[in-house]
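Quick notes on the structure that follows.
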Amino acid sequence: MCMVTFDWSENDAKEKFKNFDRRKRLSWVVLEVTDYCNFRCKWCFANSWINKNPTHMSIENVKKLIEFLSDSGVRQITFSGGEPTLYPYLRDAIKFASDYGLVVHMNTNGYLFTEKLARELYSLGLTQVQTDIDSLNPKKHDDIRGMKGSWIRAIKALKNAKNVGMTGACQTVLTRENENEILNIFRFARSLGIQRCRVWDMTPSEGCSIKNAELMPSDYISTLKRLCRYAEMTGAKSVESGDPLFNAHIKTNLNVSGGYCVASAGLYTTISCNGDAYFCATIRKPMYNIFDIISSDIDFNLLHRSKLVEYTKKFKIPDGCMKCPFVYKCNGGCYTRREFMEDGVDYWCKVMQLPYREPHHYKTYKTEPSVI
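Have a look at this one:
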């Protein structure tokens, strides 16, 4: 996941990186416990709101999966969806994961995340909540999210998380509609005392994000540079980067965790409510089904690594990239962004646009995503 997160205080999110640096195996799983959602986000890669017959993972399977992942060395689980607050067994799932020694986080749109629920989930072991703020204009935010009143609910959700002792993570999915106000969104979140601010560029990968490709921001890398300068000037402690272009393009005095594609490195995977394991949440093509592995005697970490190698081989690094001095830092860039280009080059790579390089047909998009 190409998220870049700026931290103004210490938190338990770095445990997965420490674990991965020591053991070089899967350390973080985003578990989509339901595919049901109450929003209609313009950029949604999962199309969760379209599901007329939503699927919930049974609590028995959630517990079986948590036990298996923990025993296999996973350090953090992030409950997601769909919308996880619509999952009927959320409380049991959080408590079980926490009791099993996992770091437990949740991604939520915040609409149902009251202070009462926040306090209850915190007592069960939930330590961080991520909620999106896509604009400081409530109407614009509500329009992007497809739900009237979603802006004020998201603000309250972040406040509720902080008030009960959790870490609040304010995420913004960067689009052409909000890229000019991202600094003000960060400033606003910090004024609320929110400890983490996160940005993720909208990628036209799957679902309705393809038909809304025109929402892509105009210059993600320049935005990240501005955010780094802001973070440095306001006393941020560190930055956690899952964007593979970060180290090749951005210089910062902040302590950087990651700086590579956490999916291709093998640190992270997403598992859907039916057990399908995805290379990345934005590419909805399963590598394997986790429940097939649980019921076998196969070494899970070896299998995940082999499936990962098999999967990433399909994304051949372009010849132009192989001549670049930064290729061993970025490994060709983001796989999702590369898949969307005719020439297979990450469309945010500025190095490929320099005069001494071979011509890069910037933003020559595929009309349809390739089937991998």
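Quick note on numbering: the sequence shown equals residues 857 to 1228 in the working numbering. Note that the Cβ used here is the ideal one computed from N, Cα and C, for glycine as well.
| Asked | Found |
| --- | --- |
| Near Y1191, which residues of its chain fall below 8 Å by C-beta distance, leaving aside the five closest residues on each side in sequence? | C1117, A1119, S1120, F1135, C1136, I1139, T1168, F1171 |
| Kindly give me the distance between the Cβ atoms of G1024 and I1050, rounded to whole angstroms, as I take these residues to be in contact under 8 Å. | 5 Å |
| Please state the DSSP three-state secondary structure of Y1116. | coil |
| Measure the alpha-carbon distance for L1159 versus T1079 and round it to whole angstroms. | 38 Å |
| Which of helix, strand or coil does DSSP assign to S962? | Reading the sequence as shown, one finds Met at residue 962 and not Ser. Three-state DSSP puts M962 in a strand. |
| According to DSSP, what are the bridge partners of D891? | Paired residues: none, contrary to the question. |
| Figure out for me which residue from C1186, F969, K1163 has the closest Cα to the Cα of P1174. | C1186 |
| Can you give me the Cβ contacts of P1100 inside the same chain, cut-off strictly under 7 Å, excluding the 5 residues immediately before and after it? | Y1116, C1117, C1186, N1187, G1189, C1190 |
| Could you check what DSSP says for S1143 in three-state terms: helix, strand or coil? | The sequence as given places Met at residue 1143; Ser does not occur at that position. Strand, per DSSP. |
| Ignore the nearest five residues each way along the sequence and tell me which others in P1142's own chain have a CB closer than 7 Å to its CB. | D1132, A1133, Y1134 |
| Can you give me the start and stop residues for the beta strand (DSSP E) that A1133 sits inside? | 1132-1136 |
| Cα separation between K872 and R931? | 6 Å |
| Let me know the secondary structure DSSP gives D1153 once reduced to three states. | coil |
| So which of K920, T1125, K972 has the shortest CA-CA distance to N1019? | K972 |
| On the three-state DSSP scale, how would you describe T1028? | strand |
| Would you kindly report the start and end of the unbroken beta strand (DSSP E) that includes Y1124? | 1124-1127 |
| For the alpha helix (DSSP H) containing W1007, list its first residue and its last residue. | 1006-1020 |
| Once the 5 residues before and after E1214 are set aside, which same chain residues still bring their CB inside 7 Å of it? | Confidence at E1214 is low in this model, with a pLDDT of 43, below 50, so its placement is unreliable and the value that follows should be read with caution. Excluding positions up to five away in sequence, the list reads G1176. |
| Output yes or no for whether 8 Å exceeds the beta carbon distance between C897 and I1000. | yes |
| Might you give, ordered along the chain, the residues of its own chain that have their beta carbon closer than 8 Å to the beta carbon of N1157, omitting 5 neighbours on each side? | R881, L882, S928, G929 |
| What residue range does the beta strand (DSSP E) around R1054 cover? | 1052-1057 |
| Within the same chain, show all residues whose beta-carbon is closer than 8 Å to that of V889, passing over the 5 residues directly before and after it, in chain order. | H912, M913, V918, F935, S936, G937, G938, P940, Y943, Y945, L946, A949, C1129 |
| Should M1178 be labelled buried (16 or more other beta-carbon atoms within 10 Å of its own) or exposed? | exposed |
| Bridge partners for W884 per DSSP, in chain order? | Q932, Y1124 |
| Once DSSP output is grouped into helix, strand and coil, what is the label at D988? | strand |
| With DSSP as the reference, please indicate the residues paired to L982 in a beta bridge. | V960 |
| Taking a contact to mean a Cβ-Cβ separation below 8 Å, would you say M1022 touches V1055 in this structure? | no |
| For E1096, which residues does DSSP report across the bridge? | T861, S1113 |
| Per DSSP, T1090 forms a beta bridge with which residues? | Paired residue(s): none; T1090 is not in a bridge. |
| Is T1028 near I1077, with beta carbons less than 8 Å apart? | no |
| Decide if P1181 is buried, meaning its Cβ has at least 16 other Cβ atoms within 10 Å, or exposed. | exposed |
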